[in-house]
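*Asks:* The numbering used here numbers the first residue of the sequence shown as 100 and each following residue consecutively.
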Amino acid sequence: MAPSNRAWVMALLFGLILFVLASRSFSSKPYEGKAYNEFLADVQAGRVEQVRMGGNVIRATYAQGEQVQVIPLDVEYALDELRKANVPVEYVRLPGRPWWGGLVTGLLPAGLLIGYLWLMARPGAGGGQLFQFSRSRARLLGREENRITMKDVAGLPETKEELAEVIDFLRSPERYLELGARIPKGVLLEGPPGTGKTLLARAVSGEAGVPFYSISGSDFVEMFAGVGAARVRDLFERARASAPCIIFMDEIDAVGRQRGHGLGGANDEREQTLNQLLVEMDGFAAAEGIIVMAATNRIDVLDPALLRPGRFDRVVHIDPPDRGGRAEILLVHAAGKRLEPAVSLDDIAALTVGFTGADLANLLNEAALLAARRRKEAIGPAEMENAYERVVTGGAEKKRVISRQEKQRVAFHEAGHALVSRKLSHTDPIQKVSIIPRGRAAGYVLYRPEEDRRTQSRTEFLDFLTGILAGRAAEEVVLGDTSTGAANDLERATDLARRMVTQWGMAPELGPILVSGRDGASVGGVGAAPVFSERTAWTVDQAVRKLVHEGYQRAVDLLRRHRDALERVAHALLERETLSGSELEKLI
């Protein structure tokens with residue numbers, strides 16, 4: 100704290116102490132208070148010697164020298180009782196507070212409040228925040244602070260090419276303006292979480308060497324009306340002063356959702372903030388050198404006015420990387436980590452189908468933590484495999500005690516998954532089968548996809564559905580009963596079947612139509628009417644039930660035909676707890 104601020108704080112504390120002392124001196128009285136009924140009893144008993152009266156206050160002196168003060172409920176009645184007891188009454192003006200007492204008690208609190216507000220409004224450490232509600236909370240990264248470039252972004256070659264012209268414009272805008280070209284004012288990065296949207300925005304800024312304003316969509320909206328719109332105005336004013344620059348808004352769907360669907364209607368604070376954002380994006384020209392970049396996971400909920408030309412002109416879709424992209428990302432995140440020569444990043448990339456950049460970074464970090472706990476000098480294949488299992492299924496729980504009967508049920512359940520998946524034509528190869536509990540799963544089957552799939556056929560989905568239900572089918576075939584262990588399998592199977600029916604047109608009963616969604620005219624979708632009839636809904640339910648039932652019956656038939664192989668795999672799991680893919684092949 101600066102010396103000047105310290106002096107002001109000391110002055111405020113001294114004033115507060117003075118105020119407390121003055122208040123106590125004013126409130127202190129030479130006479131003690133007493134109840135009115137007790138005072139009347141003392142008068143009638145002859146214990147009161149003298150009374151001084153001013154207004155409606157009686158100050159009495161007792162024979163023993165005690166002095167009390169009483170406020171009578173009925174003054175006339177009190178005077179009558181005093182006369183009856185022959186107590187002398189003296190009418191006087193009782194002393195009040197001194198003139199400066201009111202001045203101190205009135206002005207001192209106001210002075211303390213003014214001093215506190217002045218201190219809070221001063222810029223510096225701990226101050227300057229009182230009147231800053233309308234200031235933007237955007238974090239500014241200058242050219243020296245933001246050292247991330249496109250070399251730090253791996254696995255997204257198409258996206259990097261799409262953003263190359265934005266970087267070139269920020270470096271030399273005059274070349275585009277001379278030809279009359281108009282660079283997009285806004286670039287919306289859309290994709291699943293963890294695909295590198297924020298990293299890409301920072302890389303564009305670092306590559307172009309321009310300031311980078313970063314803010315989240317939720318930072319605009321406050322409990323005070325008009326604050327969000329004021330922060331939007333302040334952000335663009337700061338950006339104009341730093342142009343050329345990039346404004347990056349993360350999670351823009353927090354403020355950019357469709358208008359008219361909020362609980363506050365047209366006067367909702369969030370909608371006013373969105374209106375101001377639309378106005379600001381219309382208000383600057385390409386010559387100013389400001390490019391607004393935003394990221395979202397839910398482009399379907401954004402207001403159409405945001406996506407029209409002149410605002411977010413370009414939408415860049417960022418999907419999880421393919422196998423080659425995952426290998427590049429793993430190479431970037433493996434820098435600085437000690438890996439044993441036996442660790443193959445290509446094999447890990449092949450195994451991690453569907454992983455995003457954030458997932459791959461977490462995978463390598465988990466492997467590094469595991470190697471450190473084991474006091475190893477480098478990360479080996481065992482650590483990579485264990486880290487993958489931990490990320491996919493959860494941590495192992497070898498200390499969990501389960502009965503022999505439950506362990507047997509789990510063994511047949513997982514053996515059923517493995518055997519049926521092995522006998523079907525359109526399933527991925529199996530890498531490992533285990534009955535060691537992990538997370539909420541009592542056991543698991545680990546698949547090793549051979550290739551990335553962008554599309555899948557109905558036949559592939561039917562095989563996948565049969566494999567999901569094979570665990571419950573194995574319990575029924577061998578044990579003659581089912582358990583709660585198949586709850587997650589039933590959930591996944593039902594969800595897959597419903598998608599096949601409603602989204603992908605794979606049910607003959609309905610044909611190639613989309614049967615999903617609501618009319619969207621309600622508040623936030625709550626209570627919205629479906630866009631299909633009750634008869635269609637009944638047909639959907641029947642089609643879903645038929646797909647699940649046929650997949651389950653197919654699994655039961657396969658397991659009955661290969662009962663001997665099922666028994667061998669289950670007994671091997673009971674003995675060894677874990678089987679590799681090659682061991683499973685020999686048993687089957």
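We put the CB at the ideal spot given by N, CA and C, even for glycine.
Just verifying my parser: in three-state terms, what is the DSSP assignment at Glu148?
*Replies:* Here the question's residue 148 lines up with position 49 in the sequence shown. Reduced to three states, the DSSP call for Glu148 is strand.
*Asks:* Going by DSSP, name the residue or residues bridged to Asp349.
*Replies:* For the purposes of this step, residue 349 is identified with residue 250 of the sequence shown, where counting begins at 1. Ser315, per the DSSP bridge assignment.
*Asks:* Can you confirm whether Pro187, when its beta carbon is compared against all beta carbons of chain B, has any partner nearer than 8 Å?
*Replies:* This model lacks chain B altogether, as it is built from one protein chain only.
*Asks:* Near Ser313, what residues of its chain come up, given a Cβ to Cβ distance below 6 Å and the 5 sequence neighbours on each side ignored?
*Replies:* One-based indexing of the sequence shown puts residue 313 at position 214. Same-chain partners within the cutoff: Arg238, Phe347.
*Asks:* Using the rule of at least 16 other Cβ atoms within 10 Å of the residue's Cβ for burial, across every protein chain shown, is Glu189 buried or exposed?
*Replies:* Within the sequence shown, the letter at position 90 stands for residue 189. Exposed is the call here.
*Asks:* Please report the straight-line C-alpha distance between Ala280 and Tyr487, rounded to a whole angstrom.
*Replies:* Reading the sequence shown from its first residue, position 181 is the one you call residue 280. Reading the sequence shown from its first residue, position 388 is the one you call residue 487. Their Cα atoms are separated by approximately 48 Å.
*Asks:* Answer with buried or exposed for Ile612, where buried requires no fewer than 16 other C-beta atoms within 10 angstroms of its C-beta.
*Replies:* Residue mapping note: residue 612 aligns to position 513 of the sequence shown, counting from 1. It counts as exposed.
*Asks:* Under the DSSP definition of a beta bridge, which residues are partnered with Ile529?
*Replies:* Looking up residue 529 in the sequence shown gives position 430. Answer is Tyr546, bridged to Ile529.
*Asks:* Evaluate the contact criterion for the region 340-358 versus the region 399-408: three or more CB pairs, one atom per stretch, below 8 Å.
*Replies:* Touching, per the Cβ criterion.
*Asks:* Assuming Ile389 is part of the beta strand (DSSP E), what are its boundary residues?
*Replies:* In the sequence shown, the residue the question calls residue 389 occupies position 290. Here the beta strand (DSSP E) through Ile389 covers 389-395.
*Asks:* Measure how close the beta-carbons of Glu306 and Ile345 come, nearest whole angstrom, since I'm counting them as under 8 Å.
*Replies:* Translated into the one-based positions of the sequence shown, residue 306 becomes position 207. Translated into the one-based positions of the sequence shown, residue 345 becomes position 246. Between Ile345 and Glu306 the Cβ distance is about 11 Å, and since that is not below 8 Å, they are no contact.
*Asks:* Compare the Cα-Cα distances from His670 to each of Asp445, Arg503, Ile567, Leu298 and report the closest residue.
*Replies:* Within the sequence shown, numbered from 1, the residue matching residue 670 stands at position 571. Per the Cα distances, Arg503.
*Asks:* Under 8 Å, do Glu289 and Ile428 count as touching if we go by C-beta distance?
*Replies:* The sequence position of residue 289 within the sequence shown is 190, counting from 1. The sequence position of residue 428 within the sequence shown is 329, counting from 1. No, Cβ-Cβ distance for Glu289 and Ile428 is not below 8 Å.
*Asks:* Along the alpha helix (DSSP H) that carries Val331, what are the first and last residues, could you check?
*Replies:* In the sequence shown, counting from the first residue as 1, residue 331 sits at position 232. 326-341 is the extent of the alpha helix (DSSP H) around Val331.
*Asks:* Got a sec? Which residues, its chain only, sit under 6 Å from Leu376 by beta carbon, not counting five neighbours each side?
*Replies:* Here residue 376 corresponds to residue number 277 of the sequence shown, with the count starting at 1. Excluding residues within five positions, the ones whose Cβ falls inside 6 Å are Val331.
*Asks:* Would you say Pro548 and Val442 are within 8 Å of each other, going by their C-beta atoms?
*Replies:* One-based indexing of the sequence shown puts residue 548 at position 449. One-based indexing of the sequence shown puts residue 442 at position 343. Going by C-beta atoms, Pro548 is not nearer than 8 Å to Val442.
*Asks:* Relative to the alpha-carbon of Lys475, which residue among Gly456, Leu438, Ala448 has its alpha-carbon at the smallest distance?
*Replies:* Walking along the sequence shown from the start, residue 475 turns up at place 376. Selected option, being the one with the closest Cα: Leu438.
*Asks:* Figure out for me which residue from Leu518, Gln507, Ala642 has the closest Cα to the Cα of Glu676.
*Replies:* If you number the sequence shown from 1, residue 676 lands on position 577. The residue with the shortest Cα to Cα distance from Glu676 is Gln507.
*Asks:* Just mark Leu561 as buried or exposed, buried being the case when its beta carbon has 16 or more other beta carbons within 10 Å.
*Replies:* Against the sequence shown, residue 561 aligns to sequence position 462. Leu561 comes out buried.
*Asks:* Have a look at the DSSP bridge pairing and note the partners of Gln168.
*Replies:* If you number the sequence shown from 1, residue 168 lands on position 69. Answer is Gly132, Arg158.
*Asks:* Would you say Gln168 and Gly132 are within 8 Å of each other, going by their C-beta atoms?
*Replies:* Here residue 168 refers to the residue found at position 69 of the sequence shown. Here residue 132 refers to the residue found at position 33 of the sequence shown. Yes, the pair counts as a contact, with Cβ atoms nearer than the cut-off.
*Asks:* Measure the beta-carbon distance from Val647 to Thr593 and round it to whole angstroms, keeping in mind my assumption that it falls under 8 Å.
*Replies:* Position 548 of the sequence shown holds residue 647. Position 494 of the sequence shown holds residue 593. Sure, about 6 Å apart at Cβ, within 8 Å.
*Asks:* Would you mind reading off the limits of the alpha helix (DSSP H) that contains Glu175?
*Replies:* Within the sequence shown, the letter at position 76 stands for residue 175. Glu175 -> alpha helix (DSSP H) spans 174-183.
*Asks:* Enumerate in chain order the residues of its own chain whose CB-to-CB distance from Phe268 is below 7 Å, with the five nearest sequence positions on each side excluded.
*Replies:* Within the sequence shown, the letter at position 169 stands for residue 268. Correct list, in chain order: Tyr275, Ile282.
*Asks:* Would Asn245 be called buried (16 or more neighbouring beta carbons within 10 Å of its own) or exposed?
*Replies:* Against the sequence shown, residue 245 aligns to sequence position 146. Buried, because 16 or more other Cβ atoms sit within 10 Å of the Cβ of Asn245.
*Asks:* Excluding sequence positions up to five away, which residues of its chain have a Cβ less than 8 Å from the Cβ of Ala540?
*Replies:* Counting from 1 along the sequence shown, the entry for residue 540 is found at position 441. So the list reads Thr492, Gly493, Asn587, once near-sequence residues are dropped.
*Asks:* Taking its Cβ as the centre, do 16 or more other Cβ atoms sit within 10 Å of Tyr161, making it buried, or is it exposed?
*Replies:* As a first step, residue 161 must be located in the sequence shown, where it is residue number 62. So Tyr161 counts as exposed.
*Asks:* Mind checking whether Val532 and Leu657 have CB atoms under 8 Å apart?
*Replies:* As a position in the sequence shown, residue 532 is number 433, starting the count at 1. As a position in the sequence shown, residue 657 is number 558, starting the count at 1. Taking 8 Å as the Cβ cut-off, Val532 and Leu657 do not qualify as a contacting pair.
*Asks:* Measure the alpha-carbon distance for Glu465 versus Ile534 and round it to whole angstroms.
*Replies:* By one-based count along the sequence shown, residue 465 stands at place 366. By one-based count along the sequence shown, residue 534 stands at place 435. One C-alpha to the other measures close to 22 Å.
*Asks:* Consult DSSP for Val577 and reduce its assignment to one of helix, strand or coil.
*Replies:* On the sequence shown, position 478 is the one that residue 577 refers to. Three-state result, Val577: helix.
*Asks:* Identify every residue that forms a DSSP beta bridge with Ile478.
*Replies:* Residue numbering aside, residue 478 sits at position 379 when the sequence shown is read from its first letter. Ile478 pairs with Leu438.
*Asks:* Less than 7 Å between C-beta atoms, sequence neighbours within five positions excluded: which residues of the same chain meet that for Leu373?
*Replies:* Taking the sequence shown and counting its residues from 1, one reaches residue 373 at position 274. Excluding positions up to five away in sequence, the list reads Val354, Gly355, Arg358, Asp402.
*Asks:* How would you call Met651, buried or exposed, if buried means at least 16 neighbouring beta carbons within 10 angstroms?
*Replies:* Your numbering for residue 651 matches position 552 in the sequence shown. Sequence check: residue 651 is Tyr here, not Met. By the 10 Å Cβ count, Tyr651 comes out buried.
*Asks:* Identify every residue that forms a DSSP beta bridge with Tyr651.
*Replies:* In the sequence shown, the residue the question calls residue 651 occupies position 552. Answer by DSSP bridge pairing: none, since Tyr651 is not bridged.
*Asks:* Taking the alpha helix (DSSP H) that Thr297 falls in, what are its first and last residues?
*Replies:* The residue labelled residue 297 in the question sits at position 198 within the sequence shown. Counting along the chain, the alpha helix (DSSP H) containing Thr297 begins and ends at 296-307.
*Asks:* Tell me the DSSP secondary structure of Gly610 in three-state form.
*Replies:* In the sequence shown, the residue the question calls residue 610 occupies position 511. If DSSP states are grouped into helix, strand and coil, Gly610 belongs with coil.
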